[in-house]
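A.B. asks:
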Amino acid sequence: MTQPLNGKTAIITGASAGIGRATALELARRGAGVVLSARRADRLAELSEAILAAGGKALVLAGDAGEQAHIDQLLSKAMQWTGQLDIVIVNAGRGLAGGVLTSDQTQWESLYKLNVLGAAYLMRSAAKIMVEKQSGDIVVLGSVSGHNISPFSGFYGSTKWAVAAIAESLRREVAGRSVRVTTVKPGIVESEFQEVAGYTYENFNKSIARFGKVLSAEDVARAIGFIVSQPPHVHLNELVIRPTGQDYP
Ligand SMILES: NC(=O)c1ccc[n+]([C@@H]2O[C@H](COP(=O)([O-])OP(=O)(O)OC[C@H]3O[C@@H](n4cnc5c(N)ncnc54)[C@H](OP(=O)(O)O)[C@@H]3O)[C@@H](O)[C@H]2O)c1
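Take the sequence shown: its position 179, counted from the start at 1, is 178 in numbering that gives the first Met the number 0, and no numbers get skipped.
#1: With residue 223 as the anchor, note down where its alpha helix (DSSP H) starts and where it stops.
#2: Is there at least one non-hydrogen atom of ligand 1 closer than 7 Å to the beta-carbon of residue 113?
#3: Could you spell out where the alpha helix (DSSP H) holding residue 205 opens and where it closes?
#4: Would you call the region 106 to 115 and the region 68 to 88 touching, i.e. three or more CB-CB distances under 8 Å?
#5: Per the DSSP calculation, residue 185 is bridged to which residue(s)?
#6: Can you name the start and end residues of the alpha helix (DSSP H) that residue 36 belongs to?
#7: Hey, is residue 47 close to ligand 1, as in C-beta under 7 Å from one of its heavy atoms?
#8: Could you say which of 12, 2, 15, 21 lies nearest to residue 221 if we only look at CA atoms?
#9: Is residue 152 near ligand 1, in the sense that its beta carbon is under 7 Å from a heavy atom of that ligand?
#10: Can the beta-carbon of residue 226 be found closer than 8 Å to that of residue 87?
#11: Specify, as a first and last residue, the run of the beta strand (DSSP E) that residue 56 falls within.
#12: Mind reading off the beta-carbon distance from residue 90 to residue 12? Whole number of angstroms is fine, and I expect it under 8 Å.
#13: Taking just the CA atoms, how far does residue 200 sit from residue 147?
#14: Roughly how many angstroms separate the alpha carbons of residue 73 and residue 8, rounded to a whole number?
#15: Could you tell me if residue 100 is buried or exposed, where buried requires 16 or more neighbouring beta carbons within 10 angstroms of its beta carbon?
#16: So what does residue 12 bridge to, in DSSP terms?
#17: Leaving out five residues before and five after residue 51 in sequence, what residues of the same chain have Cβ atoms less than 8 Å from its Cβ?
#18: Please identify the residue among 30, 176, 62, 166 whose C-alpha is closest to the C-alpha of residue 3.
#19: I need the boundaries of the beta strand (DSSP E) containing residue 135, first residue and last residue.
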């Protein structure tokens, strides 16, 4: 059977762990050549080797997704590699425990730089290439914490609210030129996210006790693979994916 993404080139940011890593594997399995970005070069090299060993195509560029210079290099490397850019997964991001009063204010600027500005640089630069050729998929990782703002991680949630607004605004700008911009908003996914965000294990375990089995990174990756494999006239432009037992946020 032909793989649905054969001949396509995809960029995935935050590919060294969690949802990004699982999505890179999923898209490579579906036939795409994948350009892998994150700060930890050793993790990317290991992932690239695994993809190549399975018969896929992969390229690595380590860097900071909050920096426009890295985004520019990423796009030019992908274009030099295959001469095209079909799919961009705007995934690199991190959480921050607490609300406006309780989150660590010294983290606010760097959080917005990565989760909002870096994501917007990538969306804008990728969209400019895609409107030229009148096709392409940009998939942005939002969160249920940006869908329903809760005090538990409200400041982080505000970055995901903002990035979803930017994605929807871009969707309206480029829909007429056959470019699809999609927001995927996961609920709780077990990954390195919880530790990086500073959620206590006590809190996380309480959620697991309430919600039952939480999502794996592969659950989200499968959904993303499905979204970008739709025929060109079909656009699943927003997806909220939660563990079945997660009532809120
Ligand atoms: N886990 C959840 O419950 C959940 C729920 C909803 C939405 N999300 C969103 O899903 C996305 C992926 O999260 P995840 O759960 O897969 O988290 P994760 O396991 O912590 O992975 C985060 C990825 O982002 C990369 N990253 C972090 N800071 C970066 C920077 N400054 N520059 C480049 N890359 C950077 C990390 O790589 P390096 O450290 O190597 O740079 C890593 O590859 C995030 O946008 C997150 O907000 C997660």
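We treat Cβ as the ideally placed atom computed from N, Cα and C, and that holds for glycine.
C.D. replies: This is what the structure gives:
#1: 216 to 227
#2: yes
#3: Residue 205 -> alpha helix (DSSP H) spans 200 to 210.
#4: Segments in contact, no.
#5: 240
#6: Run containing residue 36: none in the alpha helix (DSSP H); it sits in the beta strand (DSSP E), 32 to 37.
#7: False, no ligand heavy atom lies under 7 Å from that Cβ.
#8: 21
#9: no
#10: It is not a contact, given that the beta carbons lie outside the stated cut-off.
#11: 56 to 61
#12: 5 Å
#13: Approximately 22 Å between the Cα atoms of the pair.
#14: 12 Å
#15: exposed
#16: 36
#17: 57
#18: 30
#19: 135 to 140
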